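S.K.: Before I ask anything, here is the structure I am working with.
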């Protein structure tokens, strides 16, 4: 899961999602998501790819572009630049977007 799935990324997730952190700046939030993504790549994704495995992620840079870039009003270009550094050029070969009713998605 992203952010999370590994110890350091889970710690970052806890900071982001802590309801007491209401004063968190939106750019700080974006940087934390990018940091968690980088750690997930370093610990899980890159080693798996080096072993020749296929890797499926339920979230990646597209999530940040939508949530922080558009949703938080930072801008897509800014979020892309932050994440470009974090992922070091490693982009998915395929992205699947499910456009469906939220109730159907919860099933």
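In my numbering, the protein residues as written are 18 to 124. Using N, Cα and C, we set each Cβ at its ideal position, and we do this for glycine too. Please read these numbers as outputs of a predicted model, since none were measured by experiment.
(1) Nearest by alpha-carbon distance to residue 83: which of 124, 23, 34, 47 is it?
(2) Answer yes if the stretch 56-64 comes into contact with the stretch 83-102, meaning at least three C-beta pairs across the two stretches below 8 Å, and no otherwise.
(3) Just confirm the distance between the C-beta atoms of residue 78 and residue 85, as a whole number of angstroms; I'd bet it's less than 8 Å.
(4) What do you reckon, is the C-beta of residue 45 under 6 Å from a heavy atom of the ligand MG?
(5) Write down every uninterrupted run of the alpha helix (DSSP H) in the stretch 52-78 whose length is 4 residues or greater and which is fully enclosed by it, in chain order.
(6) Spatial neighbours of residue 81 within its chain, please: CB distance less than 6 Å, with the 5 preceding and 5 following residues excluded, ordered by chain position.
(7) Within 10 angstroms of the Cβ of residue 29, are there 16 or more other Cβ atoms? Answer buried if so, exposed if not.
(8) To the nearest angstrom, how far is the alpha carbon of residue 31 from that of residue 115?
M.R.: In terms of the structure at hand:
(1) 47
(2) no
(3) Residue 78 to residue 85, Cβ: 10 Å. No contact.
(4) No copy of the ligand MG occurs in the structure displayed, which carries no ligand at all.
(5) 63-67
(6) 50, 96, 100
(7) buried
(8) 27 Å
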